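Peer 1:
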Amino acid sequence: MRIHLGTDHAGLEFTKTLAQHLTDAGHEVVDHGPTEYDALDDYPSFCINAAHAVVQDQRAGVEALGVVFGGSGNGEQIAANKVEGIRAALVWNESTALLARQHNDANVISIGARQHTEDEAIHFVDLFVAEPFSGEERHARRIAQLAEYETTGHIVGRQIDE
Numbered sequence: 007m008r009i010h011l012g013t014d015h016a017g018l019e020f021t022k023t024l025a026q027h028l029t030d031a032g033h034e035v036v037d038h039g040p041t042e043y044d045a046l047d048d049y050p051s052f053c054i055n056a057a058h059a060v061v062q063d064q065r066a067g068v069e070a071l072g073v074v075f076g077g078s079g080n081g082e083q084i085a086a087n088k089v090e091g092i093r094a095a096l097v098w099n100e101s102t103a104l105l106a107r108q109h110n111d112a113n114v115i116s117i118g119a120r121q122h123t124e125d126e127a128i129h130f131v132d133l134f135v136a137e138p139f140s141g142e143e144r145h146a147r148r149i150a151q152l153a154e155y156e157t158t159g160h161i162v163g164r165q166i167d168e
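Residue numbers (the working numbering): 7 to 168.
1. Evaluate Glu69 with the Cβ neighbour count: other Cβ atoms within 10 Å of its Cβ, from every protein chain shown; 16 or more gives buried, anything less gives exposed.
2. For Ile9, does the three-state DSSP call read helix, strand or coil?
3. Please tell me whether Gln108 and Glu126 are closer than 8 angstroms, where the distance is taken between their beta carbons.
4. Buried or exposed: which applies to Ile117, given that a residue is buried once 16 or more other Cβ atoms fall within 10 Å of its Cβ?
5. Going by C-alpha distance, which of Asn113, Asn80 and Gly77 is nearest Ala94?
6. Can you round the beta-carbon distance between Val89 and Val135 to whole angstroms, since I take them to be within the 8 angstroms contact cut?
7. Contact defined as beta carbons within less than 8 angstroms: I believe Gln121 pairs with Ser78. What is the distance between those atoms, to the nearest angstrom?
8. What does a CB cutoff of less than 8 angstroms around Thr13 pick up in its chain, not counting 5 residues either side in sequence?
9. According to DSSP, is Val74 part of a helix, a strand, or is it coil?
10. If you follow the alpha helix (DSSP H) that Gly159 is part of, which residue opens it and which one closes it?
11. Could you give the residue range of the beta strand (DSSP E) that holds Ile166?
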């Protein structure tokens, strides 16, 4: 599987460790930056680039997921979710890592690099990458509604207040 990474200065060192871990596990890793430490860098472009690459790969039939990091993971998740086709989930424990895939078919996760040890974060990523989408009708229906709203601003048969 191809796994796209994006971070900011808070996750830079961890990203190097994670990239090696994923490579050793047989995955192809693409790091969208940054490549050097800058305490004042801005995470949006790194996370958006990783998210765009996930969508491009998936639309081309390439099995791909993304992982973005920052101090808390919140801003990085928000940035990734600005990309059409991305379902980014903030992961903070085993359950959220598994449910992100099982119920939401998340294609990107965000983790707070300052919130977890490296071992914890690697464990969450491994769970996320290994877990399939359940395919249950209720979850597929909800995901389809989100995608419909994302592209049209409407959900057929549902009231959306504007």
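C-beta: ideal position from N, C-alpha, C; glycine also.
Remember, predicted model here, so these are calculated numbers, not experimental data.
Peer 2: In this structure, then:
1. exposed
2. Strand at Ile9.
3. no
4. buried
5. When each option's Cα is compared against that of Ala94, the closest is Asn113.
6. That pair is no contact at about 19 angstroms.
7. The Cβ separation is near 6 angstroms, so the contact holds.
8. Phe20, Thr21, Gly39, Pro40, Tyr49, Phe52, Cys53, Val74, Phe75, Gly76, Glu82 and Ala119
9. strand
10. Note, Gly159: premise wrong, no alpha helix (DSSP H); not H, not E.
11. Run containing Ile166: none; DSSP gives neither H nor E here.
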